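Below: one structure, written as structure tokens.
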Amino acid sequence: MALPPNKTKIVCTIGPASASPETMEGMMRAGMNVARLNFSHGDFPGHGRVIKDLRATAERAARPVAIMADLPGPKLRIGRFASEPVELTSGDLFTLTTEDLLGDREKVSVSFERLPKIVMPGHRLFLNDGYVQLEVIQAGEKSILCRVLTGGELRSRKGLNLPGIDLGIPAFTENDFQCMKFALENGVDAVSQSFVETAEDVRAV
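Under numbering that gives the first Met the number 0, the first residue of the sequence shown is numbered 0, with each subsequent residue one higher.
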């Protein structure tokens, strides 16, 4: 649904805790005018149901609400912990490794095999959507030793971000293409792209 171009948008993510029509209507009446669907989670049938419910709820509430599809991009994730949550404290040493293992307060696995080859001492890495910040101290063949700059809680399969570091992989993946196709077929109003580094990444979309 089109919105006035000069109006500030309030973007809210619709997930399992907010996908009921009653909750969505409450969010709309509280000011939400863009509903974000996170394509890193869920499946197409589930997103389709949310899109249908959003439109019906917006019509019933007489509220203009745009629907935005957030493409997952080449999101990197840490592996699983033997016991969770794990609490990291500022000043701790923490290792990221490409070896397949169950993590603990000292280490966790990552699925990106090239990671130790593209980082250098001084690089800053972010876990759990930026809540936990690490600084690379040493990069080995399969592991990276880091110091925790900003501590916090970690759970299995949380995201790993490397701002300013060339990953050597495209920002628009085959999975993004399928998500984009689904989004267009369902008439979403906007698309957001993750991990954009170059103009070519945008042109691919």
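For every residue, glycine included, the Cβ atom is placed at its ideal position computed from N, Cα and C. As the structure is a prediction and not an experimental result, all values here were calculated from the model.
{"Item": "Nearest candidate by alpha-carbon position, reference Ser155, set Glu134, Leu75, Asp91 and Glu140", "Value": "Leu75"}
{"Item": "Neighbourhood of Thr12 by C-beta distance below 7 Å, restricted to the same chain and skipping five residues each side", "Value": "Arg35 and Asn37"}
{"Item": "CA nearest to the CA of Thr88, picked from Glu152, Leu95 and Leu126", "Value": "Glu152"}
{"Item": "Buried/exposed call for Lys116, threshold 16 Cβ in 10 Å", "Value": "exposed"}
{"Item": "Three-state secondary structure assigned by DSSP to Leu210", "Value": "Outside the shown range of the chain (0 to 204) lies residue 210, about which nothing can therefore be said."}
{"Item": "Spatial neighbours of Leu92 in its chain, beta-carbon cut-off 8 Å, leaving aside the 5 residues before and after", "Value": "Glu105, Ile136, Leu144, Cys145, Arg146 and Val147"}
{"Item": "Beta-bridge pairing of Leu144 - partner residues as DSSP gives them", "Value": "Thr94 and Gln137"}
{"Item": "Residue environment, Ile66, which counts as buried when at least 16 other CB atoms sit within 10 Å", "Value": "buried"}
{"Item": "Ranges of the beta strand (DSSP E) found wholly within the segment 4-92, counting only runs of at least 3", "Value": "10-12, 33-37, 65-69 and 85-87"}
{"Item": "Beta carbon of Thr56 nearer than 8 Å to that of Pro20", "Value": "yes"}
{"Item": "Where Lys106 sits in the DSSP three-state scheme", "Value": "strand"}
{"Item": "Residue nearest to Ala18 in terms of C-alpha spacing, selected from Gly41, Gly30, Thr7 and Lys8", "Value": "Gly41"}
{"Item": "Beta-carbon separation (whole angstroms), Gln192 vs Gly72, contact threshold 8 Å", "Value": "7 Å"}
{"Item": "Sheet register partners of Phe125 (DSSP bridge)", "Value": "Gln132 and Asn160"}
{"Item": "Distance CB(Val109)-CB(Thr97) smaller than 8 Å", "Value": "yes"}
{"Item": "Residues near Met179 in its chain [Cβ-Cβ closer than 8 Å; skip 5 each side]", "Value": "Ala68, Leu70, Val190 and Val204"}
{"Item": "Same chain, Cβ closer than 7 Å to Met26, five either side skipped, listed in chain order", "Value": "Cys11 and Ser17"}
{"Item": "Met31 and Leu53 closer than 8 Å at C-beta", "Value": "no"}
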